[in-house]
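Protein chains in written order, with full-length UniProt numbering: chain A, 1 to 300; chain B, 1 to 300.
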DNA sequence: CCATCGGTAGTCGGTGTTGGAATATCTAGA
DNA sequence: TCTAGATATTCCAACACCGACTACCGATGG
């Protein structure tokens with residue numbers, strides 16, 4: 001009943017990772033493959049589809065219209081599979097398995113890098129991650145990472161970090177555009193934004209006492225990873241939680257002119273439904289997570 | 001971000017085929033693999049999930065609770081991929097590619113066996129099948145096979161066949177239970193039914209002039225293939241369009257006691273949306289299809 | 001204009017997966 | 001117990017896939 005062979009699941013993961021990271025090299029890291037493999041997966045997929053899914057622009061990859069369609073559907077497909085795994089795990093009801101719903105940027109930049117330490121300390125706890133959003137996903141998870149002000153009905157929320165937001169840019173951009181001394185200088189720049197956290201720039205303007213804040217140009221992205229990527233590429237200014245870009249600041253790929261930034265009302269939280277007793281594994285995980293967050297310091 | 005490896009897409013197709021056919025051997029035919037490969041795919045899937053997905057009862061396979069969850073989600077995943085292919089094909093807009101939405105039983109038993117003749121005669125037409133139902137699927141298809149009375153708003157419908165319904169049973173069952181002379185004898189039997197065409201038995205009773213028709217027992221299935229399979233296995237009586245079981249009747253695996261049956265108001269139709277001009281390929285396909293249907297004879 | 005840098009594409013070889021054929025095993029039913 | 005019809009297993013060949021490496025391409029900066 002099938003005309004051609006269906007794409008493999010790794011091809012789907014590659015596709016989604018490409019869309020989220022905008023580059024084969026970075027997508028490769030995310031899916032634990034090499035750039036070569038990612039490139040070939042994409043090529044194979046494009047051949048089977050019969051048209052290009054991503055545009056090569058010498059500076060990364062951007063999805064074509066067909067690519068966007070495929071990415072969206074790949075997300076649905078992968079989400080379905082994760083949901084199946086989650087529901088079956090719930091069926092098994094092992095008290096030491098927990099299901100987490102993680103925000104992509106948080107998983108990539110913060111949780112995964114330090115998660116190996118947790119598995120070393122607690123080998124008995126089986127943690128299942130999920131990053132794809134399907135309608136029922138949030139309810140099925142034992143704990144959900146969320147972005148917001150800390151109030152969600154029916155949820156106990158523990159603050160992790162993310163309120164300390166820094167204004168960052170690529171050093172070359174600042175050099176070219178003539179530096180940033182005060183917040184007012186920001187007006188001359190292109191600013192980079194994220195669809196789902198659109199309040200950042202108005203919060204920034206408010207915190208800096210700026211009125212009539214209208215940047216020269218705004219570019220929006222669907223994924224935070226792309227915002228960071230664009231900032232590194234010198235495409236504009238970004239507002240990013242400091243803890244997410246510690247590496248880039250240390251390496252000098254991004255700079256924080258004059259220490260400009262602010263404390264946001266919005267941050268990253270771990271939420272647990274308060275209508276059911278927490279699983280034993282979850283208690284352990286939450287304790288570990290909060291300890292890791294505390295290690296970032298009081299102003300994270 | 002993924003704990004274990006995700007199932008391959010062929011594993012998903014195998015899973016769905018298993019659920020629809022209830023047997024590894026038949027599922028193998030449906031997905032164009034051998035029974036051996038199907039068995040191994042299932043085993044691999046169960047190992048990665050960590051619990052059995054199907055119960056082996058010596059007479060086929062029936063899904064466990066976990067299996068049902070996985071089958072449902074696999075269906076969603078495969079549907080998403082098919083939708084992606086369909087939407088991209090629409091994007092490409094090749095006038096000679098057409099997208100069909102086929103009922104599983106019709107595809108398996110009627111369309112696929114004779115479809116090779118079509119591709120021989122019309123190599124230029126690229127036909128894409130879809131059997132999985134996702135919300136938007138029916139709208140995206142250029143033509144849809146439907147079961148009903150022939151009236152759908154906004155659709156032009158051509159009758160194919162399926163109104164000539166036969167009462168069938170396995171010969172051993174009749175032998176054991178003492179044969180069926182008149183429709184009245186049916187009351188003593190277990191009858192097999194399909195969730196989505198529940199009117200068959202009441203139509204039958206009405207056509208035979210039976211009042212107070214309450215069979216000894218009713219067993220319902222989600223797929224018509226399972227109804228036929230159960231009938232062959234001697235689990236009860238079934239009402240099936242004659243054209244779908246010509247092979248079984250000819251081979252004696254099923255018999256039609258006393259020629260009992262009736263002409264239903266419901267049959268199989270090909271419907272085409274009447275709000276857009278049909279694609280060139282579709283015109284060719286429809287003509288071919290109606291010719292094939294006419295070849296079944298006037299009483300099909 | 002050229003060198004460099006950061007990225008993608010292609011080639012080659014080893015490895016692991018997968019499917020088919022044949023066979024063993026199991027179960028229900030006579 | 002025997003048989004028919006199903007599933008499970010074993011062995012093997014073919015293939016897909018990944019990784020390392022190299023080639024290549026475009027943008028950028030001197």
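All C-beta atoms, glycine included, are put in the ideal place defined by N, C-alpha and C.
C-beta atoms of residue i and residue j nearer than 8 Å
i	j	result
residue 219 of chain A	residue 236 of chain A	yes
residue 9 of chain B	residue 48 of chain B	no
residue 226 of chain A	residue 22 of chain A	yes
residue 28 of chain B	residue 16 of chain B	no
residue 156 of chain B	residue 98 of chain B	no
residue 88 of chain B	residue 70 of chain A	yes
residue 118 of chain A	residue 268 of chain A	no
residue 260 of chain A	residue 200 of chain A	no
residue 231 of chain B	residue 169 of chain B	yes
residue 302 of chain B	residue 188 of chain B	Any property of residue 302 of chain B remains undetermined from this structure, which presents chain B solely from 1 to 300.
residue 244 of chain B	residue 110 of chain B	yes
residue 114 of chain B	residue 51 of chain A	no
residue 122 of chain B	residue 284 of chain B	yes
residue 274 of chain B	residue 150 of chain B	no
residue 204 of chain A	residue 263 of chain A	no
residue 68 of chain A	residue 80 of chain B	no
residue 44 of chain B	residue 90 of chain B	no
residue 160 of chain A	residue 183 of chain A	no
residue 173 of chain A	residue 257 of chain A	no
residue 224 of chain B	residue 194 of chain B	yes
residue 18 of chain B	residue 55 of chain B	no
residue 190 of chain A	residue 216 of chain A	yes
Endpoints, the beta strand (DSSP E) within which residue i is located
i	result
residue 108 of chain B	From DSSP, residue 108 of chain B is part of no beta strand (DSSP E); its letter is neither H nor E.
CB contact check: residue i to chain A, cutoff 8 Å
i	result
residue 123 of chain B	no
residue 6 of chain B	yes
residue 65 of chain B	yes
residue 98 of chain B	no
residue 34 of chain B	no
residue 9 of chain B	yes
residue 186 of chain B	no
residue 49 of chain B	yes
residue 1 of chain B	Residue placement at residue 1 of chain B is flagged as unreliable, the pLDDT there being 44, under the threshold of 50; a coordinate-derived value is accordingly withheld.
CB contact below 8 Å: residue i versus chain B
i	result
residue 14 of chain A	no
residue 20 of chain A	no
residue 143 of chain A	no
residue 69 of chain A	yes
residue 25 of chain A	no
N-terminal and C-terminal residue of the alpha helix (DSSP H) that residue i is part of
i	result
residue 103 of chain B	No alpha helix (DSSP H) contains residue 103 of chain B, which DSSP labels as neither H nor E.
residue 289 of chain A	280–294
residue 213 of chain B	Unbroken run through residue 213 of chain B: none, as it is neither H nor E.
Could you name the residues of the region 199–233 of chain B whose beta carbon sits closer than 9 Å to any beta carbon of chain A, in the order they occur along the chain? none
What are the complete alpha helix (DSSP H) segments, minimum 4 residues, inside the region 215–270 of chain B? 224–232 and 246–251
Short-range partners of chain B found in the region 72–92 of chain A, where Cβ spacing is below 9 Å: Flagged, chain order: 72, 73, 74, 75, 76, 77, 78, 79, 80, 81, 82, 83, 84, 85, 87, 88, 89, 91 and 92.
Residues of the region 167–179 of chain A with Cβ closer than 9 Å to any Cβ of chain B, in chain order: So the list is empty, because no residue satisfies the distance condition.
Please list, in chain order, the residues of the region 275–299 of chain B that have any C-beta partner in chain A closer than 9 Å. none
Can you give, in chain order, each stretch of the alpha helix (DSSP H) that sits fully within the region 16–84 of chain B and has at least 4 residues? 24–30 and 35–49
Within the region 110–197 of chain A, ranges of the alpha helix (DSSP H) (whole runs, at least 4 residues): 112–121, 137–140 and 171–177
Using a Cβ cut-off of 9 Å, which residues of the region 254–274 of chain A contact any Cβ in chain B, in chain order? none
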